[in-house]
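Residue numbers (the working numbering): -12 to 292.
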Amino acid sequence: MEYAFFEDQIVPVEEAKLSIKTNSFHYGTCIFEGIRAYWNEEEEQLYILFAREHYQRMINNCRAMFMELSYSVEDLISITKEILVKSQIREDVYIRPIAYFKDLALTPKLTGFTPTVAIYLYRFGRYLDTSKGARVKVSSWRRNDDNSIPSRWKVSGAYVNSALAKTEALLSGYDEAIMLNQNGFVAEGSGENIFLVRGRKLITPSYSEHILEGITRAAVIKLAKNELTLEVEERPVARSELYVADEIFLTGTAAEITPVVEVDNRKINGGEVGPITKELQELYFNAVRGKIERYKGWLTPVYEK
């Protein structure tokens, strides 16, 4: 049986149900996170990846949305581990924590309501094909401006913007969308940060370009600098740079490290996964399963030994 955390207790997931009158359901005022846990078969251990970083970001985002949660980072990690153990998870799994206003009220505001947290599990698999790479389209939909709905916060209502871009790409025969910001520079994918490779340099939009402050993005920058001694440049990226890049890849908890092999019908690296992307993928997938000792600090083991 699978369990979830709902209304301050762990219950069978089938019992975790919201009323249709719930305030955040109507106004998209939820704050959510996506967290992966990876199963290491040799160690018979399940590792939660960046648990503290995800829950700290969630609490920070909640505070910005006037949601003062009654749970600390350590509380949320403990609850998550309990759900995983009780559900007997011994495979890769996706974890979805979500904070919302539980009040049965119809007013679009952020004050005077009661925030709460729910956590459930999802058998996600691969979000995009990390082996052969993705075909992407530059979207006609622009990324949310920071003075409209900040992309650095994982606010559920903001993802209408992502859904429009992703759907446009899928209906056009592509796998994913690349979104430009209001200034016409590259921001990110519909649900991923983006990196370009030119020579021995990684180039990625900076936080000021209306992007999510990605946790996987930060991990990839660390791997690139520490393990491959690559230069990393964070700056505005013009759309035309996508077409002349040696390699491109997307990063995110769901997307992991997904190569981009085509942009707007222009092949990248001949339509093949590039060598630097492959190296980063190998490092990342070994690190998240606890196979690289120096990155064990990224991981929270679930099962007591």
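Glycine is no exception: its CB is placed at the ideal position from the N, C-alpha and C atoms.
Taking the alpha-carbon of residue 219 as reference, which of 209, 22, 15, 227 has the nearest alpha-carbon? 209
Using CA atoms only, rank isn't needed, just tell me which of 231, 173, 245, 225 is closest to residue 203.
245
Q.
Assuming the contact rule is C-beta atoms closer than 8 angstroms, residue 66 and residue 108 should be a hit. Round their C-beta distance to whole Å, please.
A. Not a contact, Cβ separation roughly 12 angstroms.
* What's the C-alpha gap between residue 188 and residue 134? -> 31 angstroms
Can you tell me the Cα-Cα spacing of residue 171 and residue 120, whole angstroms? 25 angstroms
Return the chain-ordered ranges of every alpha helix (DSSP H) run that is complete within the region 37 to 82 and spans a minimum of 4 residues. 38 to 51, 60 to 73
Quick one: what does DSSP say residue 232 is sitting in, helix, strand or coil? coil
### Query
Going by the CB atoms, is the gap between residue 174 and residue 196 shorter than 7 angstroms?
yes
Notebook entry, point to check: In angstroms, rounded to a whole number, what distance separates the CA positions of residue 8 and residue 72?
Noted result: 32 angstroms
Contact check, residue 122 vs residue 90, beta carbons under 7 angstroms: no
Tell me which residue opens and which closes the alpha helix (DSSP H) that residue 204 is part of. 202 to 213
Requested in this report: Pick out whichever of 115, 110, 152 has its Cα sitting closest to the Cα of residue 127.
Outcome: 152
- Query: Would you call the region 8 to 28 and the region 232 to 245 touching, i.e. three or more CB-CB distances under 8 angstroms?
  - Reply: yes
For residue 87, list the residues DSSP reports as bridge partners. 103
By the three-class DSSP mapping on this structure, what secondary structure does residue 252 have? coil
Q) Among 176, -7, 278, which has the Cα closest to the Cα of residue 250? A) 176
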